[in-house]
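**Q** Input: one structure, supplied below.
Structure below.
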């Protein structure tokens with residue numbers, strides 16, 4: 001889902017939003033007029049047109065389609081899309097073939113934007129031939145009408161001839177199965193009748209049992225015979241829908257290079273320019289900047305498979321954002337002292353000074369860089385700085401020019417010409433010290449408060465900070481403070497509600513549009529549970545929405561935080577026991593995949609323990625014990641002599657499994673469950689590493705290990721503490737103080753409960769931290785608070801968007817505040833009440 005995030009930022013600047021809302025006369029429309037002319041046509045007699053998500057489906061009343069097969073995708077440019085839609089409409093309705101097309105040109109642009117999903121990009125229409133004979137006839141028939149027209153390459157497919165026709169084997173009807181983590185994914189039916197994942201990856205990879213039709217074989221052979229270039233790719237550095245960036249070597253001399261790929265007609269920006277147009281501009285800019293220290297040398301360009309590649313000098317190092325994650329004591333250390341913050345400040349100012357020198361040299365060559373942010377700056381081992389990615393750079397003399405793309409929090413839409421770089425440099429300076437400062441994209445006036453934090457914590461020169469303030473907030477009058485109180489946060493949540501909608505009640509993470517808007521983590525169930533749990537009241541109207549959502553469900557997810565189990569738990573908590581039980585009973589036979597607390601067996605098991613309410617003979621208790629047995633078997637299987645397997649942490653790892661096993665122990669008294677819980681926690685401890693300052697963190701593939709609740713050390717600490725209240729274990733007891741050290745980290749990139757500062761607050765309260773420390777952590781939440789309709793809200797997700805949900809937004813912050821004032825009472829389901837009191841180590 002993460003590869004879809006850009007599509008969900010286009011229709012609303014404050015919240016993640018369904019991209020289809022761009023089609024409803026949105027003032028954020030990308031193309032005007034946007035509607036396809038075929039949308040005004042009446043389908044032929046005996047046909048029907050229905051809307052399905054982002055698509056209009058046009059089909060005979062009885063299309064007689066198979067369950068799956070070879071489908072045809074048709075791509076097009078924005079300019080050519082309307083004519084292509086009309087030609088495909090005429091052919092398919094004339095030959096009785098079902099098809100679908102995107103809602104309008106706005107959705108087409110969204111689907112082809114720079115950070116749209118690579119596997120689905122380029123698909124304007126999908127055509128459903130009934131068999132291989134009809135596939136061949138349709139390919140020839142459509143090719144005669146649209147063959148050779150320009151359009152993005154559909155990466156998941158095999159191109160037919162010159163395009164824009166592409167072919168892929170896939171499902172014709174909606175089918176679902178569970179992946180290894182218990183998440184629902186699209187499915188195909190294998191020859192043995194089982195459902196298997198319909199993998200939608202950015203490469204042509206049909207199932208092994210789907211024989212390639214003869215009509216496609218020449219086109220596969222043609223693709224395999226493309227010209228070879230004199231570079232060896234070592235690894236991919238980055239992907240976007242515009243193309244990949246690869247680290248490679250030149251064969252003739254072994255020189256390390258960066259290969260930047262540009263896909264024709266894909267990776268569109270706000271000016272509707274594609275990746276190739278921007279790359280051609282980048283090549284021109286690099287020629288103009290030849291010899292400037294800190295700018296990669298241009299080494300050449302070539303075309304391969306229709307994609308354009310730029311070859312540049314490789315600049316060793318890590319991005320400035322990653323450098324901060326590794327070296328910033330406020331991020332890496334528990335209780336960072338004034339000396340370490342001062343040493344970091346001195347080093348950061350030196351690096352930023354070198355960045356300014358490179359930027360000044362770019363300006364001397366008459367260019368505005370246009371896309372300055374921490375991830376376009378490379379810092380090497382000697383703290384030397386390089387500036388990369390010149391595809392948006394433009395002439396400084398073009399004073400009215402705006403960059404057609406911009407990183408949220410580092411760009412201001414009103415800035416033009418050289419002022420674009422001035423704003424971005426000030427924002428980059430601030431972000432090095434406060435890595436969450438991108439929230440100014442949602443409330444520019446927030447920069448005043450953040451600069452106050454900068455001046456308080458870091459010994460930066462006064463004039464240097466004043467310069468940032470002049471750029472980011474020309475009118476530097478301090479806005480009214482945004483209060484971080486349960487009442488203010490709850491009021492912000494209620495003010496965001498949209499009970500008139502059926503897809504979601506509260507804005508939250510974009511995952512809600514996949515999971516249905518009703519769940520615990522990202523939907524209404526979690527928000528309403530949190531409001532009541534935090535003592536902030538209930539709403540009859542909002543609970544009626546949740547009840548209606550529970551009745552609308554068809555083939556829902558079964559998990560706790562993303563599905564039916566969590567919805568039932570929230571309904572039961574709110575007093576709707578009969579509806580909750582009916583929901584569980586209707587879905588009792590549905591499969592559950594994976595072991596996780598978030599979406600798998602552990603969460604379902606713990607929820608059944610809750611519903612059993614201590615009645616060992618109830619159907620719920622019997623089912624819980626069965627699932628607990630599966631969890632214990634999974635733990636035993638993973639506890640062999642080799643390295644720990646599976647993911648780690650509370651939500652998706654073995655600590656969540658341990659929590660479910662402990663729930664079974666509390667209701668049965670059977671110590672076999674605590675034995676298995678110990679082994680599960682040891683599996684997570686096996687995947688932890690000790691940081692230089694002594695904190696025990698979950699190992700991660702990124703720049704540093706993780707301290708958070710979701711997949712990090714704090715989540716493990718919470719379950720370790722829960723275990724020690726019921727069972728002694730030397731390894732867990734010894735690990736708890738080191739796991740708890742992250743309760744004293746100064747800075748998080750986010751405010752939320754599962755990944756950010758609110759989780760730190762809640763964990764510190766639960767683990768028994770000192771009152772003074774707890775008050776400090778709560779005050780630090782004010783740094784992240786944003787005004788919303790006279791109340792308080794928080795951002796969530798990988799780009800700045802307000803969120804009200806439990807996992808990433810205001811509801812989670814509300815739970816943290818309640819935990820801070822409630823003596824460490826549990827802030828997530830399935831932890832014991834009253835709180836566990838076994839030793840901690842947070843002091």
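Residue numbers (the UniProt record's numbering): 1 to 843.
No residue lacks a Cβ here, since even glycine has one placed at the ideal position from N, Cα and C.
On a predicted model such as this, the values are computed, not experimentally measured, just so you know.
Unbroken alpha helix (DSSP H) runs of length 4 or more, entirely within the segment 335-390: which are they?
**A** Counting only runs of 4 or more, we get 338-364.
**Q** Among 285, 322, 245, which one has its Cα closest to the Cα of residue 307?
**A** Residue 307 has its Cα closest to that of 245, out of 285, 322, 245.
**Q** Are the Cβ atoms of residue 345 and residue 377 separated by less than 9 Å?
**A** No; because the gap between Cβ atoms is not below 9 Å, this pair is not in contact.
**Q** Quick check: what's the CA-CA separation for residue 618 versus residue 331?
**A** Roughly 48 Å separates the two Cα atoms.
**Q** Identify whether residue 200 lies in helix, strand or coil by the three-state DSSP scheme.
**A** Coil.
**Q** Enumerate in chain order the residues of its own chain whose CB-to-CB distance from residue 238 is below 8 Å, with the five nearest sequence positions on each side excluded.
**A** Correct list, in chain order: 244, 245.
**Q** According to DSSP, which residues form a beta bridge with residue 569?
**A** For residue 569, which the question treats as bridged, DSSP gives no partner whatsoever.
**Q** Starting from residue 60, follow the alpha helix (DSSP H) in both directions and report where the run begins and ends.
**A** Careful: residue 60 lies outside any alpha helix (DSSP H), inside the beta strand (DSSP E) at 55-60.
**Q** In angstroms, rounded to a whole number, what distance separates the CA positions of residue 386 and residue 423?
**A** Roughly 19 Å between the two C-alpha positions.
**Q** Could you check the C-alpha separation between residue 828 and residue 724 for me, to the nearest Å?
**A** Cα-Cα distance, rounded: 18 Å.
**Q** Quick check on the DSSP output: the beta strand (DSSP E) that includes residue 126 runs from which residue to which?
**A** Looking at the DSSP string, the run of the beta strand (DSSP E) that includes residue 126 is 125-127.
**Q** Using a Cβ-Cβ cut-off of 7 Å (strictly less than) and excluding sequence neighbours within five positions of residue 898, which residues of its own chain qualify?
**A** Any property of residue 898 remains undetermined from this structure, which presents the chain solely from 1 to 843.
**Q** By the DSSP assignment, the beta strand (DSSP E) with residue 497 in it spans what residues?
**A** Residue 497 -> no beta strand (DSSP E), and no H or E assigned at all.
**Q** Can you give me the Cβ contacts of residue 297 inside the same chain, cut-off strictly under 6 Å, excluding the 5 residues immediately before and after it?
**A** The residues are 313.
**Q** Go ahead and label residue 839 buried or exposed: buried means 16 or more other beta carbons lie within 10 angstroms of its beta carbon, across all protein chains shown.
**A** Caution is warranted here: a pLDDT of 47 is assigned to residue 839, below 50, making its placement in the model unreliable, and the coordinate value is therefore given only provisionally. Exposed: under 16 other Cβ atoms inside 10 Å.
**Q** Going by other Cβ atoms of all chains shown within 10 Å of its Cβ, with 16 needed for buried, is residue 326 buried or exposed?
**A** Label assigned to residue 326: exposed.
**Q** Could you tell me which whole alpha helix (DSSP H) segments of length 4 or greater appear in the segment 625-694?
**A** The qualifying runs are 654-668, 671-685.
**Q** When you compare only the Cα positions, how much space is there between residue 375 and residue 771?
**A** When rounded, the distance between both Cα atoms is 38 Å.
**Q** In this structure, does DSSP put residue 408 in helix, strand or coil?
**A** Coil at residue 408, not helix or strand.
**Q** Per DSSP, which one or two residues make a beta bridge with residue 260?
**A** According to DSSP, residue 260 bridges with 245, 310.
**Q** Which value, in whole angstroms, describes the spacing of the CA atoms of residue 204 and residue 157?
**A** Near 5 Å, if we compare the C-alpha coordinates of residue 157 and residue 204.
**Q** Is the segment 589-606 touching the segment 649-664, taking contact as three or more C-beta pairs under 8 Å?
**A** The segment 589-606 vs the segment 649-664: in contact.
**Q** Take the Cβ of residue 2 as the centre, count every other Cβ of all protein chains shown within 10 Å, and call the residue buried at 16 or more, exposed below.
**A** Model confidence at residue 2 stands at a pLDDT of 42, short of 50, so the residue's coordinates are unreliable; what they give is reported in the following sentence. That one is exposed.
**Q** In the DSSP assignment, the beta strand (DSSP E) including residue 236 goes from what residue to what residue?
**A** Run containing residue 236: 231-240, per the beta strand (DSSP E) assignment.
**Q** Compare the beta carbon distance of residue 681 and residue 639 with 9 Å and say whether it is the shorter of the two.
**A** Going by C-beta atoms, residue 681 is not nearer than 9 Å to residue 639.
**Q** Enumerate, from N- to C-terminal direction, the unbroken alpha helix (DSSP H) stretches of 4 or more residues contained entirely within the segment 769-806.
**A** Counting only runs of 4 or more, we get 771-780.
**Q** For residue 443, does the three-state DSSP call read helix, strand or coil?
**A** Looking at residue 443 - three-state DSSP - the assignment turns out to be coil, as it is neither helix nor strand.
**Q** Report, in whole angstroms, the separation of the C-beta atoms of residue 547 and residue 579, which I expect to be a contact under 8 Å.
**A** Between residue 579 and residue 547 the Cβ distance is about 6 Å, and since that is below 8 Å, they are a contact.
**Q** For residue 722, tell me which candidate among 802, 756, 530, 830 has the shortest Cα-Cα distance.
**A** When each option's Cα is compared against that of residue 722, the closest is 830.
**Q** Helix, strand or coil for residue 850, going by three-state DSSP, please let me know.
**A** With the chain running from 1 to 843 in the structure shown, residue 850 is simply not present.
**Q** Is the beta carbon of residue 803 closer than 9 Å to that of residue 99?
**A** Against a cut-off of 9 Å, the Cβ pair of residue 803 and residue 99 comes out as no contact.
**Q** Measure the C-alpha to C-alpha separation of residue 573 and residue 525 and round it to an integer number of angstroms.
**A** Rounded to whole angstroms, residue 573 to residue 525 spans 10 Å at the Cα level.
**Q** Cα separation between residue 694 and residue 322?
**A** Spanning the two alpha carbons is a distance of roughly 21 Å.
**Q** How many angstroms separate the CA atom of residue 317 from the CA atom of residue 381?
**A** Distance between the alpha carbons of residue 317 and residue 381: 6 Å.
**Q** When burial is assigned at 16 or more other CB atoms within 10 Å of the CB, is residue 235 buried or exposed?
**A** Flag for residue 235 reads exposed.
**Q** Of all the options 782, 749, 777, 686, which has the alpha carbon lying nearest to the alpha carbon of residue 739?
**A** The candidate whose alpha carbon is nearest that of residue 739 is 686.
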